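Peer 1:
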Amino acid sequence: MEVNSVKRMRVVGLSYGGFVAYSLAAQFKEMVERVVICCAGVCLEEKDLEDGLFPVKSLEEAAEILLPQTPEKMKELMRFTFVKPPVKTPNCILVDFIQVILVI
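For the sequence shown, position 73 (counting from the first letter as 1) is numbered 73 according to our numbering, and the numbering increases by one without interruption.
Pasting the structure below:
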């Protein structure tokens, strides 16, 4: 954003994009004026997990899956989110995705 001289922004995220929008808002509080998060589940609580609303053991595990930090975790996310995940995706593409799109 700095390259394009963007000083302030409004972010909208739907589903997984909601997690990305939430992450942007949390990391760049001074830049994000407003954030809209739809259908993202960022407000899940431990009780929701115990009730079986999300098939993971903890919020930390959910965040680890939904906000991948490595190519292996990105492939795991792709297996959850694609009906037919790509058979092979080069790690260099996944690393670029993680670094650029997820702003890490």
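The C-beta atom is built at its ideal place from N, Cα and C for all residues, glycine as well.
Predicted model only: the values in this text are computed from it and were never measured.
Take the Cβ of Pro68 as the centre, count every other Cβ of all protein chains shown within 10 Å, and call the residue buried at 16 or more, exposed below.
Peer 2: So Pro68 counts as buried.
Peer 1: Could you check if Val20 is buried or exposed, using at least 16 other CB atoms within 10 Å of its CB as the buried criterion?
Peer 2: Answer is buried; the Cβ neighbour count reaches 16.
Peer 1: Identify which residue in Ile93, Leu44 and Met78 has its Cα closest to the Cα of Ala62.
Peer 2: That would be Leu44, whose Cα lies nearest to the Cα of Ala62.
Peer 1: Who does Met9 pair with in a DSSP beta bridge?
Peer 2: Val32.
Peer 1: Could you check how far apart the C-beta atoms of Leu59 and Glu46 are, in whole angstroms? I think they sit under 8 Å.
Peer 2: 7 Å between Cβ atoms; contact.
Peer 1: Suppose contacts are defined by Cβ-Cβ distances below 8 Å. Is Ala25 in contact with Val3 by that definition?
Peer 2: Cβ distance not < 8 Å, so Ala25 and Val3 don't count as in contact.
Peer 1: Please classify Met74: is it buried, with 16 or more other beta-carbons within 10 angstroms of its beta-carbon, or exposed?
Peer 2: So Met74 ends up on the buried side.
Peer 1: Taking Cβ to Cβ, would you say Pro71 is nearer than 8 Å to Met78?
Peer 2: It is not a contact, given that the beta carbons lie outside the stated cut-off.
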